[in-house]
Amino acid sequence: MAFPEPKPRGPELPQKRVKTLDCGQGAVRAVRFNVDGNYCLTCGSDKTLKLWNPLRGTLLRTYSGHGYEVLDAAGSFDNSNLCSGGGDKAVVLWDVASGQVVRKFRGHAGKVNTVQFNEEATVILSGSIDSSIRCWDCRSRKPEPVQTLDEARDGISSVKVSDHEVLAGSVDGRVRRYDLRMGQLFSDYVGSPITCTCFSRDGQCTLVSSLDSTLRLLDKDTGELLGEYTGHKNQEYKLDCCLSERDTHVVSCSEDGKVFFWDLVEGSLALALPVGRGVVQSLAYHPTEPCLLTAVGGSVHCWREEAYEAEGGAG
Amino acid sequence: MAALHSDSDEDLVSYGTGLEPLEEGERQKKPIPLQDQTVRDEKGRYKRFHGAFSGGFSAGYFNTVGSKEGWTPSTFVSSRQNRADKSVLGPEDFMDEEDLSEFGIAPKAIVTTDDFASKTKDRIREKARQLAAAAAPIPGATLLDDFVTPAKLSVGFELLRKMGWKEGQGVGPRVKRRPRRQKPDPGVKIYGCALPPGGSEGSEDEDDDYLPDNVTFAPKDVTPVDFTPKDNVHGLAYKGLDPHQALFGTSGEHFNLFSGGSEGAGNLLGDVGLSKGRKLGISGQAFGVGALEEEDDDIYATETLSKYDTVLKDEEPGDGLYGWTAPRQYKSQKESEKDLRYIGKILDGFSLASKPLSSKKIYPPPQLPRDYRPVHYFRPVVAASSENSHLLQVLSESAGKATQDPGTQSRHQLNASKRAELLGETPVKGSATSVLEFLSQKDKERIKEVKQATDLKAAQLKAKSLAQNARSSRPQPSMPDAGHCSWHMPLGGVTATARASNFKPFAKDPEKQKRYEEFLLHMKQGQKDALERCLDPSMTEWERGRERDEFARAALLYVSSHSTLSSRFTHAKEDDDSDQVEVPRDQENDVGDKQSAVKMKMFGKLTRDTFEWHPDKLLCKRFNVPDPYPDSTVVGLPRVKRDKYSVFNFLTLPETASLPTAQTLSEKAPQHQGPNKSRKPSRWDTSQQEKKGDSISEFLSLARSKVGPPKQESSPLVNKEKECVPESLSDKVVNKGVDPQTEGEESRPSRDLFKAIFASSSDEKSSSSEDEQGGSDDDQAVTGEANFPSSQETDLGETSSVAQALEPAPQEPAPSFPIRKMQIDEREEFGPRLPPVFCPNARQKLEEPQKDKHKKTKEKHKTKKEHKRKKEKKKKHRKHKHKSKQKNKKSEKSSSSESTDSSDSQSDEEGTKDVSPRELLRRLKCLPLRRQ
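Chain order of the listed sequences is P and C.
Heads up: the first sequence is residues 1 to 315, going by UniProt numbering.
Heads up: the second sequence is residues 1 to 932, going by UniProt numbering.
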């Protein structure tokens with residue numbers, strides 16, 4: 001008698017708070033997972049960037065060197081470098097191990113809202129409220145960016161990078177996708193100022209959140225609207241959104257202290273996870289597991305699925 | 001052709017040897033392969049080249065010192081067994097045959113050895129011998145050598161001697177006065193027997209001040225610089241203990257280390273002691289100072305380093321001692337006697353200056369005049385020909401600007417000279433040939449005033465002739481008040497222009513002045529490329545740029561200084577001569593359109609703009625992506641130069657005008673109303689609306705819309721094609737990266753676009769429809785509608801043919817980017833054919849005033865005039881379509897009746913129709929599919 005095949009589990013949403021990191025760095029402007037999801041970065045308004053093990057809640061290192069609050073950070077694919085951008089208009093490349101500033105790229109005329117490494121961490125793309133995206137070369141010592149993408153008419157709120165694309169959301173209400181392979185720029189008009197964009201993990205769609213309290217899932221190739229997700233509140237702040245680890249759900253911060261989960265296909269609200277009292281400023285979704293980090297005020301919460309047991313082998 | 005060929009064969013000149021004709025069956029000779037092209041010596045052994053310069057070949061065995069057998073030479077015989085046989089090897093034993101041959105390093109052939117050749121030949125050897133002698137146990141052992149004269153002198157010696165040369169003299173003509181210090185230095189070689197000591201030297205010393213005039217001297221001998229190679233391990237210029245010094249006590253002498261070798265030992269017998277006036281004898285420190293010896297100062301003389309030269313000094317200038325070291329007395333000469341140096345160098349009748357020359361004052365080079373051209377231009381002297389002067393004048397005035405031949409233009413208006421030539425007089429060149437020359441200054445002023453009063457044209461012409469007259473005469477004084485600016489021409493008005501032409505900033509250079517005037521003329525006509533056109537094409541780019549600047553400056557400067565009008569205006573921040581600004585070629589535009597699309601959640605094509613975007617090469621590299629545009633140098637969005645004032649530059653502004661129409665449409669669409677009930681003011685929909693009268697086309701379009709991506713080749717849809725023709729055309733132009741100048745050339749702001757679009761739609765039709773529209777506004781729809789079918793049907797054939805003739809390409813709506821782009825543009829701009837929207841009220845409100853406006857402008861129409869204008873337009877070339885389109889759009893914006901009347905009329909006829917939602921849909925579908 002054979003055991004029946006284990007039923008494939010349905011996607012579980014992280015709704016159990018397993019850890020709270022009191023970051024102690026002022027307001028946490030952004031929280032980001034590293035490439036494999038074992039660590040996270042928190043960008044503080046006290047000019048520091050901190051590296052944590054979110055599941056254990058241990059602070060690994062503090063990176064200080066920014067002249068103003070840190071607004072976004074990203075880790076390289078090999079975990080050797082970090083990049084961050086902040087209110088000091090600078091983009092900083094950090095060495096993870098030593099905590100030293102490797103390079104500082106200056107050139108933006110305004111706050112740097114968002115930074116991303118490219119796939120091989122050879123280029124840092126930074127989007128700023130000066131409405132430009134600058135591509136900084138980490139390999140050479142040139143102080144100038146390799147290229148400046150200044151097609152946007154207003155500040156850049158979000159930049160995401162795939163292997164050959166740069167996806168940028170701008171306050172001018174457009175999502176621009178620069179396809180390096182095709183040499184084309186696709187500009188999708190959404191209308192409302194865009195707060196966050198991201199690729200779906202399959203690379204077929206783009207998720208766009210805008211200040212009209214709406215998330216839209218657009219077909220990457222045609223720009224057609226695949227889904228719309230509403231219910232949350234996002235009218236003032238630059239809030240993050242993302243897709244769950246298997247593209248099953250759309251996740252977004254909300255200004256009412258919750259994190260909203262929608263079913264991607266049906267568009268129905270799956271879960272409104274109350275996180276805190278204030279605005280959920282930032283969130284990050286684990287690349288492979290149902291694990292969510294949310295930043296409210298000065299603390300970061302780590303959420304797992306209900307079935308998760310603490311220290312269940314997770315490092 | 002064939003005949004030509006046969007003829008030309010004989011004229012051919014052939015060089016070189018032709019290849020032998022190939023014989024049948026014979027295999028072609030193979031060229032020697034590279035590896036077989038070797039160099040061998042006479043015995044057939046391979047030679048390996050060693051170095052490019054030495055031309056040497058490899059030594060030993062493959063560049064080693066070994067042999068084929070290894071390190072042991074093949075001739076090695078162990079001395080253990082054959083101890084007795086051990087032979088002493090000379091250098092020759094290690095030499096190859098080549099080295100022993102005639103040109104080798106050790107030739108075996110019989111040659112004159114140095115022993116018997118002249119000794120001067122080999123100073124090295126001689127010196128070596130001397131040194132050897134000096135160092136020999138018996139000093140002077142080589143004395144015999146000195147006595148033995150070579151039996152044979154070289155040919156050169158013989159020749160020189162025959163020419164009167166004596167040994168010890170220099171070669172060359174005899175000089176009048178021998179420079180002082182000609183006394184042969186001990187270092188000078190004396191061949192054969194030493195010169196009798198004392199005699200010549202003594203006399204020379206005495207003769208220092210007394211030099212008879214009639215005595216000439218042979219030039220002094222020049223000892224070449226000694227290039228003795230250093231072949232020992234001694235210190236630099238070390239010279240062993242000189243036995244002469246030890247023996248003859250010349251230790252006080254300052255050694256010249258660098259000529260040490262050449263002096264001394266050779267004159268063992270003669271000079272050493274005698275030159276000091278001392279007797280041979282034993283003297284020196286070692287023996288103390290004798291009572292009879294004067295010198296006692298250096299009893300304890302020590303060799304100090306200070307006695308030696310530590311620095312290689314240059315020769316003392318002007319001492320006439322070429323290369324050899326001056327004797328001691330000379331060097332120790334006092335400063336006051338220095339001018340003695342010049343003895344023998346001062347020419348007769350001259351004396352040394354007592355005062356030093358005052359330093360020269362250096363003046364800077366003169367500054368070049370501003371208009372100085374470093375190229376001398378030979379003005380072609382073209383005498384007025386026998387042609388009719390009037391004809392010439394006319395020619396120059398009409399086509400003169402186009403023809404750049406300076407010859408015909410330079411003097412054709414010199415009426416006086418022409419007349420003179422006609423009369424058979426020899427023209428007086430360079431003199432005043434103008435009547436004006438004989439006018440008094442006052443008269444000239446008056447003439448000028450009169451000129452200013454005359455109308456523009458006359459003034460221009462006259463000024464021109466004036467200028468040309470003045471050119472050949474003297475430059476007219478530039479009048480500061482005679483300014484003008486054709487840059488400000490539209491402001492300056494007639495008088496300014498008239499003045500302008502009176503002013504001649506380049507009167508000195510008639511050619512230039514002419515160009516300048518031409519430039520002004522062009523400017524006046526509003527041609528943007530005036531500068532380019534009037535510049536001499538034969539000039540270099542540099543000169544051209546220079547002149548361009550000058551002209552522009554002159555035009556600005558001389559004018560605005562006094563013109564009251566110009567004082568109100570400031571100079572443009574941007575370069576004025578480029579009426580263009582760089583703008584991205586493609587712009588995301590018309591947000592309003594998209595907004596409505598977003599509201600309807602019609603994401604996709606409506607909300608998407610696609611642009612060609614060029615990533616930086618390095619970025620591609622960093623992203624590991626092949627450069628999509630490997631040949632392009634553009635980075636980012638391709639930019640084009642656009643007319644500065646083009647509406648296109650402002651298209652990104654939300655267009656309130658187009659918005660209501662969009663809303664109209666979108667409202668209508670869902671209700672599926674009749675296609676032609678509401679009026680839509682966008683004139684760009686004409687074609688569609690015209691078409692709509694055609695039920696067949698409507699039907700077809702509907703059908704097509706179902707099919708999906710359009711094929712537009714069927715005839716009823718030609719109108720639609722036409723619609724995209726001009727746009728795709730223009731876009732293509734842009735795509736090709738039209739150079740901005742050519743674009744700039746299209747200065748004509750005509751309504752050519754409409755000609756292009758509606759080329760076939762007869763003027764009669766449009767004018768007639770306008771006439772009718774002129775009647776009543778309410779009738780408009782009816783009349784328009786009534787009108788169209790009839791005119792349409794006739795048109796369709798024509799239009800299609802014309803459209804095809806115009807541009808066959810766009811008929812296949814290849815999903816290429818530019819076309820689609822333009823369509824998007826058009827759609828965006830002139831009202832999206834979008835399904836409904838939510839605010840009908842706003843639409844109504846907005847639409848009304850627009851209608852009113854049209855009515856007003858319509859009333860202003862003078863249809864006759866309009867008609868005429870269109871006729872004119874027809875003549876105009878089609879290539880200005882792009883430009884004209886822009887202009888049209890501009891005109892559309894402005895409400896001035898002058899520029900808009902024609903387009904308004906167009907729009908009026910169009911206004912009678914509306915786009916049905918279905919049509920809208922169809923158009924949407926017609927947008928070529930995205931490249932996936």
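From the three backbone atoms N, C-alpha and C, an ideal C-beta is built for every residue, glycine too.
It should be emphasised that the depicted structure is a prediction, and the values quoted were computed from it without experimental measurement.
Could you give the distance in angstroms between the alpha-carbon of residue i and the alpha-carbon of residue j?
i               : j               : result
D179 of chain P : H164 of chain P : 6 Å
P628 of chain C : M182 of chain P : 6 Å
P54 of chain P  : V171 of chain P : 32 Å
P219 of chain C : G168 of chain C : 10 Å
C23 of chain P  : G298 of chain P : 6 Å
V279 of chain P : E255 of chain P : 4 Å
Q235 of chain P : K160 of chain P : 22 Å
P670 of chain C : M600 of chain C : Residue placement at P670 of chain C cannot be trusted, given a pLDDT of 39 that sits under 50; what the coordinates show is reported in the next sentence. Rounded to the nearest angstrom, the two C-alpha atoms are 12 Å apart.
V625 of chain C : V146 of chain P : 15 Å
L293 of chain P : Y285 of chain P : 6 Å
T216 of chain C : G349 of chain C : 19 Å
I129 of chain P : R141 of chain P : 25 Å
F94 of chain C  : E102 of chain C : 17 Å
H301 of chain P : L618 of chain C : 40 Å
T686 of chain C : K605 of chain C : The predicted position of T686 of chain C is uncertain, since its pLDDT is 38 and thus under 50; no value can be drawn from it.
G170 of chain C : K127 of chain C : 21 Å
R17 of chain P  : P274 of chain P : 11 Å
G223 of chain P : V35 of chain P  : 28 Å
L19 of chain C  : P31 of chain C  : 14 Å
G202 of chain C : K162 of chain C : Residue placement at G202 of chain C is flagged as unreliable, the pLDDT there being 41, under the threshold of 50; a coordinate-derived value is accordingly withheld.
P229 of chain C : L89 of chain C  : 26 Å
A470 of chain C : S417 of chain C : With a pLDDT of 47 at A470 of chain C, under the threshold of 50, the predicted position of this residue should be treated as unreliable, and no value is reported.
G240 of chain C : V222 of chain C : 26 Å
L207 of chain P : F33 of chain P  : 19 Å
Below 8 Å on the Cβ atoms is my contact criterion, and I expect residue i with residue j to pass it. Report the Cβ-Cβ distance as a whole number of Å.
i               : j               : result
S252 of chain P : L239 of chain P : 7 Å
P290 of chain P : E309 of chain P : Rounded, the Cβ-Cβ distance is 13 Å, inconsistent with contact.
I124 of chain P : L149 of chain P : Their Cβ separation, rounded to whole angstroms, is 13 Å, which puts I124 of chain P and L149 of chain P out of contact at 8 Å.
K50 of chain P  : L59 of chain P  : 6 Å
L217 of chain P : G231 of chain P : About 15 Å; that fails the 8 Å criterion.
E92 of chain C  : A106 of chain C : 6 Å
Note down, in chain order, every chain B residue with its Cβ under 7 Å from the Cβ of residue i.
i               : result
V625 of chain C : Included in the structure are the protein chains P and C, with no chain B among them.
Next on the checklist: If we require 3 or more residues per run, which beta strand (DSSP E) segments fall completely within the region 236-301 of chain P?
Outcome noted: 241-243, 249-253, 258-263, 269-274, 280-285, 291-296
Next on the checklist: Beta carbons nearer than 8 Å to chain C: which residues of the region 177-193 of chain P have them?
Outcome noted: Y178, D179, L180, R181, M182, G183, Q184, L185, F186, S187, D188, Y189, V190, G191
Next on the checklist: Three Cβ pairs or more, each shorter than 8 Å: is that satisfied between the region 71-84 of chain P and the region 113-127 of chain P?
Outcome noted: yes
Next on the checklist: Can you pull out the residues from the UniProt repeat "WD" (63-104) of chain P whose beta carbon lies closer than 9 Å to at least one beta carbon of chain C?
Outcome noted: none
Checklist entry - Counting pairs of beta carbons, one from the region 23-41 of chain P and one from the region 260-267 of chain P, are three or more of them closer than 8 Å? => result no
Next on the checklist: Give the list of continuous beta strand (DSSP E) stretches no shorter than 3 residues that lie fully inside the region 592-642 of chain C.
Outcome noted: 608-612
Next on the checklist: Tell me which residues of the region 205-235 of chain P have at least one Cβ-Cβ distance to chain C shorter than 9 Å, keeping chain order.
Outcome noted: R216, L218, D219, D221, T222, G223, E224, L225, L226, E228
Checklist entry - What residues from the region 262-294 of chain P come within 7 Å of chain C, judged by C-beta to C-beta, listed N to C? => result none
Item to check | Ranges of the beta strand (DSSP E) found wholly within the region 44-96 of chain P, counting only runs of at least 3 | outcome: 48-53, 58-64, 70-75, 81-86, 90-95
Checklist entry - Should the region 186-200 of chain P be regarded as contacting the region 606-615 of chain C, the criterion being three or more beta carbon pairs within less than 8 Å? => result yes
Next on the checklist: Along the region 146-160 of chain P, where does the CB come closer than 9 Å to a CB of chain C? Name the residues.
Outcome noted: V146, Q147, T148, L149, D150, E151, R153
Item to check | Interfacial residues, the region 606-620 of chain C to chain P, with Cβ spacing under 7 Å | outcome: T607, R608, D609, T610, F611, E612, W613, H614, P615, D616, L618, L619, C620
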